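S.K.: Provided herewith is a single structure, encoded as C-alpha cells, for subsequent inquiry.
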Amino acid sequence: MHTNDMNFPLGLIRKMVRCVEDAVGDDIREDIQSNDLRTMNSVPSRIWDLLNTKLYKTLKTEECTIATAHRGPWQMLIIFEKTTGCIFTFMREKRFSELQRKQRSRLHMHYVDMLATQFNKALLADKQQLTFIPHHFTDEEKLAELVQDMLHDLGSDAAIVRNHVLVLFDTMGYQLTHIKAVKVTPNLDIAQGCEQDWSTYITVSESSIVEKVENPEDPANNPNRGLKLKSKATERKKNKPQRKMDEKLDKKEI
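In full-length UniProt numbering, the protein residues as written are 1 to 254.
In C-alpha cells, the structure reads:
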C-alpha cells in the first residue's frame with residue numbers, strides 16, 4: 001500500500017491561501033471598482049488573471065519556480081516547490097467535481113488527468129475504483145509530449161518533479177470559504193493520506209475596499225430619502241428639545 005506525505009512548508013501554505021483569498025476578495029472588488037464596470041460577465045475568468053499574477057509575484061523566490069502553461073487559449077501557472085519536489089495547480093472545487101463525474105465521457109485529457117497520470121500513478125485511493133472496461137483518452141499516447149510542453153518553463157526542474165498537488169477552493173460572494181490541498185490518482189480519486197485542509201489559514205477580516213456610491217444625490221443614497229420637512233414640522237423639531245426640558249422642570253416642581 002503506497003501512501004504519501006503532505007509536509008509542505010507552513011510559510012508556503014500561508015502565502016498560497018492569502019493569494020487566493022486576496023484574488024477572490026479585495027483584488028476583484030478593486031478591479032471592478034477602478035474600471036467602473038457596468039456588467040460583470042468576465043469576473044469568474046478575471047479572478048484567475050488576478051490570482052496568477054498574485055501567485056507569480058508572491059512565490060517567485062529561490063524555493064519556487066513558476067511555469068506559465070498554455071491549454072488552448074487558456075493560460076495557467078504551475079508552481080514547482082523545490083523542497084518537496086511537488087508541482088501545484090489551483091482549481092475551484094466545483095470544477096474538479098465536474099471533471100471527476102465526466103472523466104469517462106471525455107475524449108481528451110484535461111491537464112489534471114495528465115499531471116495525475118504522469119506524477120501520481122503510484123498513489124492509491126482509499127476506495128479504488130474497479131472498472132471492467134478501462135477508459136482511454138484519444139490523446140493518451142501523447143501524454144509525455146503534452147506534459148513536457150506544459151512544464152517547458154520549469155527547465156531542468158521538470159525532471160525531478162515528485163507529485164502533482166491540486167489546491168481546491170470554494171467561495172461565497174467575495175469571500176474564500178474553504179481551501180484544501182490534495183493529490184489525486186489517475187482516476188481523479190483523492191489518494192490515501194493526501195488531503196490537507198488549509199481553511200484554518202483563511203483570515204477573518206472585513207474588506208478594505210469601500211463601496212462606491214454612484215450618485216450621492218439619489219434619494220436612495222440619502223438618509224432622509226430625499227424628503228423635506230414642511231415649515232410647521234421644522235418648527236416643531238426645533239422646539240422639541242425645549243418642550244422636553246420644560247416637562248422635566250414641571251415634574252421637579254410637583
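Where is the CB? At the ideal position from N, CA and C, for every residue including glycine. Just so it is clear, the structure is predicted and the values come from calculations on it, not from any experiment.
Going straight from the alpha carbon of Thr-53 to that of Ala-122, what length do you get?
M.R.: Residue 53 sits at position 53 when you count from the first residue of the sequence shown. Residue 122 sits at position 122 when you count from the first residue of the sequence shown. Roughly 33 angstroms between the two C-alpha positions.
S.K.: Cα separation between Ala-125 and Ala-23?
M.R.: Indexing the sequence shown from 1 puts residue 125 at position 125. Indexing the sequence shown from 1 puts residue 23 at position 23. Each residue's Cα considered, the two are about 32 angstroms apart.
S.K.: Could you round the C-beta distance between Ile-28 and Tyr-201 to whole angstroms and report it? I think they count as a contact, below 8 angstroms.
M.R.: The residue labelled residue 28 in the question sits at position 28 within the sequence shown. The residue labelled residue 201 in the question sits at position 201 within the sequence shown. Incorrect: roughly 20 angstroms between the Cβ atoms, too far for contact.
S.K.: Which runs of the alpha helix (DSSP H) spanning at least 4 residues fall entirely within the segment 72-110, listed in chain order?
M.R.: Whole alpha helix (DSSP H) segments, 4+ residues: 93-101.
S.K.: Buried or exposed for Thr-185, going by 16 or more other Cβ atoms inside 10 Å?
M.R.: Within the sequence shown, numbered from 1, the residue matching residue 185 stands at position 185. Label assigned to Thr-185: buried.
S.K.: Out of Pro-44, Ala-69, Ser-34 and Leu-77, state which residue places its alpha-carbon closest to the alpha-carbon of Lys-60.
M.R.: Reading the sequence shown from its first residue, position 60 is the one you call residue 60. Per the Cα distances, Leu-77.
S.K.: Classify Ile-190 as helix, strand or coil using the three-state DSSP reduction.
M.R.: Taking the first residue of the sequence shown as position 1, residue 190 is located at position 190. Residue state, collapsed to three classes: strand.
S.K.: Can you grab the Cα-Cα spacing for the pair Ala-158 / Ala-69, in whole Å?
M.R.: Indexing the sequence shown from 1 puts residue 158 at position 158. Indexing the sequence shown from 1 puts residue 69 at position 69. Rounded to whole angstroms, Ala-158 to Ala-69 spans 13 angstroms at the Cα level.
S.K.: Helix, strand or coil: how does DSSP classify Met-172 here?
M.R.: One-based indexing of the sequence shown puts residue 172 at position 172. Met-172 falls in the strand class under three-state DSSP.
S.K.: The alpha helix (DSSP H) that contains Lys-142, what's its start and end?
M.R.: Along the sequence shown, read from residue 1 onward, the residue named residue 142 stands at position 142. No alpha helix (DSSP H) contains Lys-142, which DSSP labels as neither H nor E.
S.K.: Rounded to the nearest angstrom, how far is the Cβ of Gly-85 from that of Arg-162, given a contact under 8 angstroms?
M.R.: For the purposes of this step, residue 85 is identified with residue 85 of the sequence shown, where counting begins at 1. For the purposes of this step, residue 162 is identified with residue 162 of the sequence shown, where counting begins at 1. Contact flag correct, Cβ pair sits at about 3 angstroms.
S.K.: Beta-carbon separation of Gln-192 and Lys-180 under 8 angstroms?
M.R.: For the purposes of this step, residue 192 is taken as residue 192 along the sequence shown, with counting starting at 1. For the purposes of this step, residue 180 is taken as residue 180 along the sequence shown, with counting starting at 1. Against a cut-off of 8 angstroms, the Cβ pair of Lys-180 and Gln-192 comes out as no contact.
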